Amino acid sequence: MGSRFNPYDNNGGTCVAIAGVDYCVVAADTRMSTGYSILTRDYSKICQLADKSVLASSGFQADVKALQKNLSAKHLIYQHQHNKQMSCPAMAQLLSNTLYYKRFFPYYAFNVLGGLDSEGKGCVFTYDAVGSYERVGYSTQGTGSTLIIPVLDNQLKSPSPLLLPAKDAVTPLSEGEAVDLVKDVFASATERDIYTGDQVEIVIINASGIKREYVQLRRD
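Residues 2 to 221 (the numbering used here) are what the sequence shown spells out, left to right.
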């Protein structure tokens, strides 16, 4: 049997997002790998799409970069037509439509979108590869997600927006507590997942804007 054409690779990495009452934290590690080789230790998986919208993606980074450029171009057109930035829920719908349009040859990208909605509340949207999405209080994607999600489930409680009466899908933590939790779960995942490591990039979105911080992780 000859080798078959495979258009995809998985470059690893892990993304996490947590929504609070008036903030959102989006984080991802900076390691990019293929197989047992590390391609770079300083690759950002986080893309700011709008003033209040930040996308973190793991998977095949060539597809991720193509997806980010696609969304940025569509957002630029939206700004020219409407003279305003797209809201985070609107960006979530645009991302869903963009992924679904490519469903027969999908972007091999696993996305989590975080930001603030029109009321200033934190919002997190989690996706599969073909655009199905849901607003949640927290989410994780990538090779370390199976290690991180049990910890988040244990430490955080956010109501499902599908339940009635409807409640905001936000977590009860303060901004500082959420950032500390993100640091802890990445430090833990790095011990077990060889595709997650080097450093974690943490983006904090609140009413005053967007700020970034970096925390060193294991480099082996």
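The beta carbon of each residue, even a glycine, is placed where N, CA and C say it ideally should be. All values derive from a computational prediction rather than experimental measurement.
Bridge partners - residue i, DSSP secondary structure assignment
i, result
"Val180", "In the DSSP output, where bridge partners are listed per residue, Val180 has none listed."
"Arg213", "Val204"
"Ala57", "Ile47 and Val113"
"Ser140", "Ala18"
Per-residue DSSP class, three states only, for residue i
i, result
"Asp17", "In the sequence as displayed, the identity of residue 17 is Val instead of Asp. In this structure, Val17 counts as strand in the three-state DSSP scheme."
"Gln49", "strand"
"Leu95", "helix"
"Ala110", "strand"
"Leu100", "helix"
"Asp185", "helix"
"Pro8", "coil"
"Pro223", "Shown here, the chain extends from 2 to 221; a query on residue 223 therefore has no answer."
"Pro173", "coil"
Endpoints, the alpha helix (DSSP H) within which residue i is located
i, result
"Met33", "Premise fails: Met33 lies in the beta strand (DSSP E), Met33 to Thr35, not in any alpha helix (DSSP H)."
"Ala74", "Gln62 to His83"
"Leu148", "Ser146 to Gln156"
"Ala29", "Looking at the DSSP string, Ala29 is not in any alpha helix (DSSP H); the run it does join, the beta strand (DSSP E), is Tyr24 to Asp30."
Interface flag, residue i vs chain B, CB-CB below 8 Å
i, result
"Cys124", "Here there is only one protein chain, and chain B is not present."
Inter-residue CB distance, residue i and residue j (contact presumed, cutoff 8 Å)
i, j, result
"Val223", "Val26", "With the chain running from 2 to 221 in the structure shown, residue 223 is simply not present."
"Lys46", "Ser59", "6 Å"
"Leu148", "Met92", "About 28 Å; that fails the 8 Å criterion."
"Ile203", "Val216", "7 Å"
"Thr35", "Asn12", "6 Å"
"Leu100", "Leu72", "Actually they do not touch by this definition, with Cβ atoms about 10 Å apart."
"Ile206", "Gly116", "5 Å"
Segment limits, beta strand (DSSP E) that includes residue i
i, result
"Val195", "A small correction: the amino acid at residue 195 is Ile; Val does not occupy that position in the sequence shown. Taken as a continuous stretch (DSSP letters only), Ile195 belongs to no beta strand (DSSP E), as it is neither H nor E."
"Gly123", "Gly123 to Tyr128"
"Glu135", "Tyr134 to Val137"
"Ser38", "Ser38 to Thr41"
Using 8 Å as the threshold, is the stretch 82-98 in touch with the stretch 30-47, meaning 3 or more CB pairs across them?
no
Does the stretch 136-145 come into contact with the stretch 102-117, if we say contact requires no fewer than three beta-carbon pairs (one atom in each stretch) closer than 8 Å?
Judged by Cβ distances under 8 Å, the stretch 136-145 makes contact with the stretch 102-117, as three or more pairs qualify.
Contact between the stretch 18-38 and the stretch 67-77 (3+ Cβ pairs under 8 Å)
no
If we count Cβ pairs, one from each stretch, closer than 8 Å, do we get three or more for the stretch 196-212 versus the stretch 150-157?
Judged by Cβ distances under 8 Å, the stretch 196-212 makes no contact with the stretch 150-157, as fewer than three pairs qualify.
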